[in-house]
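If you're matching them up, the sequences are chains A and B in order.
Under this note's numbering, think of the first position of the first sequence as 15, with each following residue one higher.
Under this note's numbering, think of the first position of the second sequence as 49, with each following residue one higher.
Structure first, commentary second.
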Amino acid sequence: MNDQPMIQMINVRKKFGAQEVLKGINLSIYDGKTTVIVGESGQGKSLVIKHILGLMKPTSGKVLVNGKDINTIGRKALKEIRSDFGVLFQHAALFDSMTVFENVALPLRERTKATEEEIKSKVTEMLDLMDLEGSDEKYPAQISGGMKKRVGLARALVLNPKIVFFDEPTTGLDIAKSNEIYRVFYRTQTKLGYTSVIVSHDVPKIFKLADYVALLYDGVIQDCISPEDFQTSENPVIKEFVEKTMGRIYESEQLEG
Amino acid sequence: MINIVNYLGDLTLYYVNQAGRMGIFLAFVIYNIIKLPYYKISHVIKQIYIIGTLSVFVIIFTGLFTGMVLGLQGYNTLSKFGSEGLLGSAVALSLIRELGPVLAALMVTGRAGSAICAEIGIMRISEQIDALECMAIEPHKYIMAPKFIAALISVPLLTALFNVVGIFGGYIVGVKLLGANEGSFFTGMYRDVEFIDVYMGFIKSICFGLLIVWICSAKGYFVHMERSGGFGAEGVSRVTTSAVVLSSVLILVVDYIITSLLI
């Protein structure tokens, strides 16, 4: 692991009117690692990702990506930083008037000088990797929720990004579809080796993929530690979260331990 | 009392902010239109089809009836003074200087402006614009620039079409139905319509084209910042209505300003 984090949030605060949602977020994301941000619904997990992506400006604090504060560097430099990003949105955010193929091909068409032949071959390769063969001519409205997420993932990964963000990748999917997304995630990360930031409340399943787990509670990151340390943490907030979400496993481990 | 002052202050700040946002938005789009690499020509052609070609029918229809009613009213009024010979110039000048640009722009606002606003508004609320930004694709270049160029090409052409069809409508009613002299109809038109009239109509149509696409795109783009709550389908529908109303009102205001400057 590099000592210098790839992404750093320093005392990030965000207010909406009188309500302060983020109350001083401090978080470091390291190169090549998978960091999972967990927390109960409504705590502002997606907001944390939106601040890293530069889609929202903090009321105060800094967001550094590769050492540069994305809120002060200007549009051009932000665009360069974003060219290393891939994002899977909570609701996939597919372009609904484009087919699956066109959705995945869009970054290649707009950001590279690839020929139509090269685009076709790359898109087909990505769709195969996501088990989406034969769906390329369908529109987002004609495919299932799980397929939409996989198309979103294919679009996020088509330009081989260095950092991939997953905002609730399995929300709204049944267990089988969730497992499918996790399998695809594992397969693509092994193949492409990207750094990933996952926002999820699918605990404890998500721990299997994580190098670090950060708990967001009351507008603050309580701790960002390995899944093993997380599950045995003495921090009362983390302890309560672990007991609430995976009580029985925790108890059995304690008993066995 | 303090509450009222607070409310008014809040409202003023909101509208000043909105005006500033829309101004910056326009500046960004213009910058992206002239900045290399240029937008793809296929995107512009698609938008010309959506804004221009699909508006042709409604423009022909409204242009024809506007010209016909001008012919009817003009003939009846002019005949009281025995000046039926001026019908051609009256119809042509009314259309080319005023009615053509204004009515064509109002029709394009209703047909294409509302569609532009709704499309961009839906893209905003369903995070499609965020997705574009995260893919390092500039929405001002990818979505807005082709629409702006298409509107600047289409609206003057639609206005010209409106004028031609309108004059034809005036001819049908005035000459063919009411019996005005065909020769004086066209000679008068040829004699009285000058370059400045066509120039004024052209300048107006360019300005209206820009106004429509600017207001409608910006309203959709900033749907999430609407004071009345820009959420969901209702937010988009509200913002679309407000974009159409604002564009229509501004068309009439700008029409007066341009006329007073060029007359």
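Every residue gets a Cβ at the ideal spot worked out from N, C-alpha and C, and that includes glycine.
Given the structure is predicted, the values throughout are model-derived calculations rather than measurements.
Report the three-state DSSP secondary structure of residue i (helix, strand or coil).
i: residue 66 of chain B; result: helix
i: residue 129 of chain B; result: coil
i: residue 174 of chain A; result: coil
i: residue 271 of chain A; result: Confidence is the limiting factor: at residue 271 of chain A the pLDDT is only 49, short of 50, which leaves the residue's position unreliable and the question unanswerable from this model.
i: residue 55 of chain B; result: helix
i: residue 275 of chain B; result: coil
i: residue 118 of chain A; result: helix
i: residue 15 of chain A; result: Low confidence applies to residue 15 of chain A: its pLDDT is 47, below 50, so where it sits in the model is not reliable, and the reading given next is rough at best. In the structure shown, residue 15 of chain A sits in coil (DSSP, three-state: anything other than H, G, I, E or B).
i: residue 299 of chain A; result: With chain A represented from 15 up to 271, any question about residue 299 of chain A goes unanswered, as that position is not in the structure.
i: residue 113 of chain A; result: coil
i: residue 33 of chain A; result: strand
i: residue 52 of chain A; result: strand
i: residue 230 of chain A; result: strand
i: residue 216 of chain A; result: coil
i: residue 244 of chain A; result: helix
i: residue 59 of chain A; result: helix
i: residue 23 of chain A; result: strand
What are the start and end residues of the alpha helix (DSSP H) that includes residue i?
i: residue 308 of chain B; result: 280 to 310
i: residue 44 of chain A; result: Premise fails: residue 44 of chain A is in no alpha helix (DSSP H) and is neither H nor E.
i: residue 267 of chain B; result: 243 to 269
i: residue 102 of chain A; result: It is not in any alpha helix (DSSP H) - residue 102 of chain A instead sits in the beta strand (DSSP E) that spans 99 to 102.
i: residue 195 of chain A; result: 189 to 206
i: residue 148 of chain B; result: 148 to 156
i: residue 194 of chain B; result: 193 to 219
i: residue 237 of chain B; result: 230 to 240
i: residue 225 of chain A; result: Careful: residue 225 of chain A lies outside any alpha helix (DSSP H) and carries neither H nor E.
i: residue 171 of chain B; result: 162 to 173
i: residue 188 of chain B; result: Here residue 188 of chain B belongs to no alpha helix (DSSP H), and DSSP marks it neither H nor E.
i: residue 84 of chain B; result: Premise fails: residue 84 of chain B is in no alpha helix (DSSP H) and is neither H nor E.
Please list the partners that residue i has in chain B, where partner means a Cβ-to-Cβ separation under 7 angstroms.
i: residue 107 of chain A; result: 174, 175, 176, 178 and 179
i: residue 124 of chain A; result: 185 and 190
i: residue 72 of chain A; result: Correct list: empty, because the minimum Cβ distance to chain B is about 17 angstroms.
Should residue i go down as buried or exposed, given a rule of 16 or more other Cβ atoms within 10 Å for buried?
i: residue 239 of chain B; result: exposed
i: residue 15 of chain A; result: A caution first: residue 15 of chain A carries a pLDDT of 47, below 50, which makes its placement in the model too unreliable to give a value.
i: residue 22 of chain A; result: buried
i: residue 8 of chain A; result: In the structure as shown, chain A begins at 15 and stops at 271. Residue 8 of chain A is therefore absent and cannot be evaluated.
i: residue 156 of chain A; result: exposed
i: residue 219 of chain B; result: buried
i: residue 259 of chain B; result: buried
i: residue 250 of chain A; result: exposed
i: residue 130 of chain A; result: exposed
i: residue 273 of chain B; result: exposed
i: residue 144 of chain A; result: buried
i: residue 145 of chain B; result: buried
Taking the alpha carbon of residue i as the point to measure from, which residue in the options has its own alpha carbon closest?
i: residue 56 of chain A; options: A:232, A:259, A:255 and A:251; result: A:232
i: residue 301 of chain B; options: B:276, B:255 and B:56; result: B:255
i: residue 210 of chain A; options: A:116, A:226 and A:255; result: A:226
i: residue 137 of chain B; options: B:303, B:290 and B:245; result: B:245
i: residue 213 of chain B; options: B:53, B:232 and B:151; result: B:151
i: residue 188 of chain B; options: B:203, B:202, B:172 and B:140; result: B:172
i: residue 288 of chain B; options: B:56, B:148, B:128 and B:158; result: B:158
i: residue 132 of chain B; options: B:268, B:102 and B:228; result: B:228
Looking at the secondary structure, which residues open and close the beta strand (DSSP E) in which residue i lies?
i: residue 77 of chain A; result: 74 to 79
i: residue 212 of chain A; result: 209 to 213
Who are the neighbours of residue i on chain A, taking C-beta pairs under 7 angstroms?
i: residue 182 of chain B; result: 67, 96, 99 and 101
Mind listing the chain B neighbours of residue i? Cutoff is C-beta to C-beta under 8 angstroms, in chain order.
i: residue 93 of chain A; result: 184 and 186
Using a Cβ cut-off of 9 angstroms, pull out every chain B residue sitting near residue i, in sequence order please.
i: residue 121 of chain A; result: 183, 184 and 185
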